[in-house]
Every structure is written in C-alpha cells, then in structure tokens.
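K.L.:
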Amino acid sequence: MNGIDPIGGGGIQQILAMRQQILDRSQILKDVHQATQSGAPAAQAPPPGGGFGGALSNALQDVSATQGRAEDLSAAYERGDVTDVAKVMLARQEAGVAFEATLQVRNRLLSAYQDIMRMGV
C-alpha cells in the first residue's frame, strides 16, 4: 500500500485524542464516585424503591466499576500478570460500551428535559 496509513491522515492522533478523552471522563467518574462515597450523609432518606436518582447512581457506579476492572486488567497485562490479551481487550470494550451507553442515556435525559422546558403551561 506504499506505506499509506489505512486509517487516514492523522488517524493515530485522533485515536490517541479519543483515548485521552475516555481516560479523562473515567477519572471524572471515579472522582464523582469517591466524592459520593466519602461525602456528607444524605439530607433525606431515599424513596422505598430507591427512586430515579438511586437507579441513576447505581448505574453510574456500575459503569465506574466496569472501567475500574478494565484498568486493573490492563495494568496486570502490562506487568505481565495476565497473559490472556483477549480477556483484557474484552474488558476494555465492555467498559467502552458501558460508557457510551451512559453517555447516550444522559443525552436522552437532557433532550427530554429541554423538551419539557419548551412546553407551554
């Protein structure tokens, strides 16, 4: 192929930039998770079923845990502790899909909120 990059010009830089964005977002999720774990106690008791906020919080914690497992497996692979690269890649893909799904849910919620705010009374 005459040494042409099949991804396209600047493809590697785009991939590295996307990777950095994902890592930054993962760190933000971890910070939020740690803040909720070590933060002040809740001002009010949650509803009996956990409510929407509880479900959303649990979903974010699950995504954070998935990303944490993927990071742990990646680090173990880099140290040479784990030799199954397929397991590492699967964990990374699972974390990526979980994050993208969370992002889509956020986008839908934001869109619904904006639609409600545009409604006439």
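Going by the numbering used here, the final residue of the sequence shown carries number 122, and the count climbs one at a time with no gaps.
Ideal Cβ placement from N, Cα and C applies to all residues, glycine included.
Source: prediction; values computed, not measured.
1. Please confirm whether any heavy atom of the ligand MG lies closer than 8 Å to the CB of V122.
2. Could you work out which residue in D116, Q115, F100, V122 is closest to M19 when comparing CA atoms only?
3. Should A56 be labelled buried (16 or more other beta-carbon atoms within 10 Å of its own) or exposed?
4. What separation, rounded to the nearest whole angstrom, lies between the Cα atoms of Q105 and A76?
5. My assumption, with CB atoms under 8 Å, is that L74 sits in contact with V89. Please give the rounded CB distance.
6. Checking 9 Å against the spacing of the C-beta atoms, do A66 and A92 come in under that value?
7. Which same chain residues end up closer than 7 Å to Q62 when comparing Cβ atoms and leaving out the 5 residues on each side of it in sequence?
8. How about S27 and Q94: do their beta carbons lie closer than 9 Å?
9. Distance cutoff 9 Å, beta carbons only. Does E79 sit that close to anything in chain B?
P.N.:
According to the structure shown:
1. The model depicted lacks the ligand MG and carries no ligand whatsoever.
2. Counting from 1 along the sequence shown, the entry for residue 19 is found at position 18. Among D116, Q115, F100, V122, the Cα nearest to that of M19 belongs to F100.
3. As a working mapping, residue 56 is identified with position 55 in the sequence shown. Exposed: under 16 other Cβ atoms inside 10 Å.
4. Taking the first residue of the sequence shown as position 1, residue 105 is located at position 104. Taking the first residue of the sequence shown as position 1, residue 76 is located at position 75. Rounded to whole angstroms, Q105 to A76 spans 28 Å at the Cα level.
5. If you number the sequence shown from 1, residue 74 lands on position 73. If you number the sequence shown from 1, residue 89 lands on position 88. Between V89 and L74 the Cβ distance is about 5 Å, and since that is below 8 Å, they are a contact.
6. On the sequence shown, position 65 is the one that residue 66 refers to. On the sequence shown, position 91 is the one that residue 92 refers to. Not in contact: A66 and A92 (Cβ atoms no closer than 9 Å).
7. Along the sequence shown, read from residue 1 onward, the residue named residue 62 stands at position 61. The residues are H34.
8. For this step, residue 27 is matched to residue 26 along the sequence shown. For this step, residue 94 is matched to residue 93 along the sequence shown. Against a cut-off of 9 Å, the Cβ pair of Q94 and S27 comes out as no contact.
9. This model lacks chain B altogether; it includes just one protein chain.
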